[in-house]
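Numbered as in our numbering, the sequence shown ends at 284 without a single skipped number.
Right, one structure below, let's go through it.
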Amino acid sequence: MELTTSRWRRAAHFAVLELRQPAAFLLPLRVFIAVGWLRASTEKLIDPGWYEGSALRAFITDQLSWSQEAFPFYGWLMQHVLLPNATAVGLGVMTLQLVIGVAILVGMVTNGALIAGLALNVSFLMAGVPNPSAFYVVIQLVLLFGGAGAVLGVDARLSQRVTNPLLVAPSKLMAGDLRKRRRVFRLIAVVCAALAVAMLPFVSTLDPAHVVDDPALILVTMFLVGAAMAGVSAVAATGVDTQRKREKVASGA
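Dropping the structure here:
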């Protein structure tokens, strides 16, 4: 009994320490995205059409004319590459979605999973599916730059051996040159805000019943969210930098 209690106390202490990390505020977003990918995968796993290829063929057929008009090169890819191989592509998509969801949820090779997720979302957007791809793109970019996979995730340990930032989230959000990171976060905030403004002329409706179907308004909203979170990250970097300078001065004194 005492041994069990001790283990629970150690686990609770570990969780508290993890939640004190600068990137801890991103943990709910990480769980949200992971559940989203798992839901998308489960939806396909229980649909026989994805095993036969008929579901993907129907999707490509419906979206082909739109994609050919908006993105001719992607329309060609859909018609001549994806459509003839719909069965294999469908199996690959639902498997990749499952792997992405599990990896992000447990925080293992998180950055690699986020990059794979971004690639899928961009492909969905180019096929004419802005909802929820635009939401996912912005949130996954924030998680990628924030290093959220190391908080209550396998990457906290894995990053000690695998240092490739394209695969594994660093064990600390502000690892490396804090000033450089602060400049990068500020630039991201400015770019996201500018893109949000640039999308405003393309908004076609503010009707609450139809705003979720307006790609331009979705992009405006998500770019603003990205700008806000990048700004918060820049402030956090400034705070950590200031704290370290104070500690350095105090230790020197």
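The beta-carbon is built from N, C-alpha and C at its ideal position, and this holds for glycine as well.
From a predicted model like this one, the values you see are computed outputs, not experimental measurements.
| Item | Value |
| --- | --- |
| Just how far apart, CA to CA, sit residue 237 and residue 228? | 16 Å |
| With distances taken from CA atoms, which of 253, 226, 52 and 125 is nearest residue 80? | 125 |
| If contact is defined by three or more beta carbon pairs under 8 Å, each pair taking one atom from either stretch, is the region 151–165 in contact with the region 59–66? | no |
| Our contact map puts residue 113 next to residue 91 with C-beta atoms below 8 Å; I'd like the distance itself, whole angstroms only. | 6 Å |
| For residue 146, I'd like the list of residues in its chain whose CB is within less than 8 Å of its CB, leaving aside the five on either flank, ordered along the chain. | 175 and 197 |
| Rounded to the nearest angstrom, what separates residue 68 and residue 86 at their Cα positions? | 18 Å |
| To the nearest angstrom, how far is the alpha carbon of residue 231 from that of residue 257? | 16 Å |
| Less than 8 Å between the beta carbons of residue 178 and residue 54, yes or no? | yes |
| Let me make sure I understand the geometry here. Which of 141, 96 and 218 has the alpha-carbon closest to that of residue 110? | 96 |
| When the distance is taken between beta carbons, is residue 251 closer than 8 Å to residue 234? | yes |
| According to DSSP, simplified to helix, strand and coil, what is residue 192? | coil |
| When the Cα atoms are used, what is the spatial distance from residue 118 to residue 89? | 12 Å |
| Mind listing, in chain order, the continuous beta strand (DSSP E) runs of no fewer than 3 residues lying wholly within the region 37–119? | none |
| Can you give the Cα-Cα distance for residue 47 and residue 37, rounded to whole angstroms? | 15 Å |
| Between residue 43 and chain D, is any beta-carbon pair separated by less than 8 Å? | No chain D appears in this structure, which consists of one protein chain only. |
| Beta carbon of residue 323, beta carbon of residue 261: below 8 Å? | A question about residue 323 goes unanswered here, because the residues of the chain that appear run from 32 up to 284. |
| Out of 239, 248, 241 and 243, state which residue places its alpha-carbon closest to the alpha-carbon of residue 226. | 248 |
| Please classify residue 104: is it buried, with 16 or more other beta-carbons within 10 angstroms of its beta-carbon, or exposed? | exposed |
| For residue 173, which of 148, 195, 189 and 155 has the nearest alpha-carbon? | 148 |
| Taking the alpha-carbon positions, what's the residue 180 to residue 130 distance? | 15 Å |
| Note down the Cα distance separating residue 71 from residue 83, rounded to an integer number of angstroms. | 17 Å |
| What span of residues does the alpha helix (DSSP H) with residue 143 cover, start to end? | 141–157 |
| For residue 157 and residue 74, what's the separation of their Cα atoms in angstroms? | 21 Å |
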